[in-house]
Each structure stands twice: as C-alpha cells, then as structure tokens.
Amino acid sequence: MTIKKHTGLGLSDIKTRTDNNAPLMDVDYVNNQEMKKMKDLVEELIDNDASIQLFEQDGDYKDKEELPLDHFMNSFGMSKQIAEDRERIDDILVEEDEK
1 MTIKKHTGLG LSDIKTRTDN NAPLMDVDYV NNQEMKKMKD LVEELIDNDA SIQLFEQDGD
61 YKDKEELPLD HFMNSFGMSK QIAEDRERID DILVEEDEK
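Under the working numbering, the first residue of the sequence shown is numbered 1, with each subsequent residue one higher.
Next up, the structure:
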C-alpha cells in the first residue's frame with residue numbers, strides 16, 4: 001500500500017512491474033516535486049524495513065547503474081538547492097525587467 005500511495009499505481013501494475021524488474025517510479029532530477037515524492041517513498045520503505053534498489057538510467061533505458069541510497073539523498077538536496085537558486089535568479093531578472 002505504501003508504493004501505491006506514493007506512485008498512484010494499481011496493485012496489479014505494481015505486481016507486474018516487480019515481477020518484470022521494471023521501475024516502480026521514474027523521476028527527473030530537475031523536477032523537485034518528483035524527487036520529493038521519490039524521497040518520501042524511499043524513506044517510508046526504509047522505515048518499514050523494505051529492501052529497495054535505486055537505479056540511474058540514461059534516457060533510452062539501455063544503460064542502468066545502481067545508485068547508492070546516500071547518493072540519491074544528496075541528489076535530492078542538490079536538486080532542491082538548484083530549484084531555490086533558479087527562483088532567486090528569476091526574481092532578480094523580473095525586478096531588473098521592471099526597472
């Protein structure tokens with residue numbers, strides 16, 4: 001139910017994906033909302049002593065590499081910082097355009 005809650009997938013889809021070793025969730029590193037959802041899922045699974053694997057994949061899913069949990073958590077922090085920096089830069093540019 002934890003996976004269903006965080007991914008929005010139905011139980012049969014979750015079973016099919018796990019049976020086929022397919023991803024349960026894909027996220028884009030630059031999308032802070034997606035990263036937050038995945039972080040919440042990972043934390044809840046860890047709290048429930050679940051065994052998880054995270055993978056970093058290229059765009060066409062041909063190459064995938066296991067991603068250490070601490071690397072993912074650090075990536076989440078960096079992604080959040082980048083988003084905040086972008087917002088500050090946008091605010092500065094808007095202020096300059098208004099002058």
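Beta carbons are placed, not taken as given, at the ideal position from N, Cα and C, and that holds for glycine.
The model shown is predicted, which means the values in this text are computed figures rather than measured ones.
DSSP places residue 57 in the uninterrupted beta strand (DSSP E) bounded by 55–57.
With a contact defined as Cβ atoms closer than 8 Å, residue 43 and residue 56 miss out at about 19 Å. Contact between the segment 23–31 and the segment 75–85 is present, with at least three C-beta pairs closer than 8 Å. Nearest in C-alpha terms to residue 83, of all of 33, 54, 51 and 67, is 33.
The segment 28–54 contains, as complete alpha helix (DSSP H) runs of 4+ residues, the segments 32–47 (chain order).
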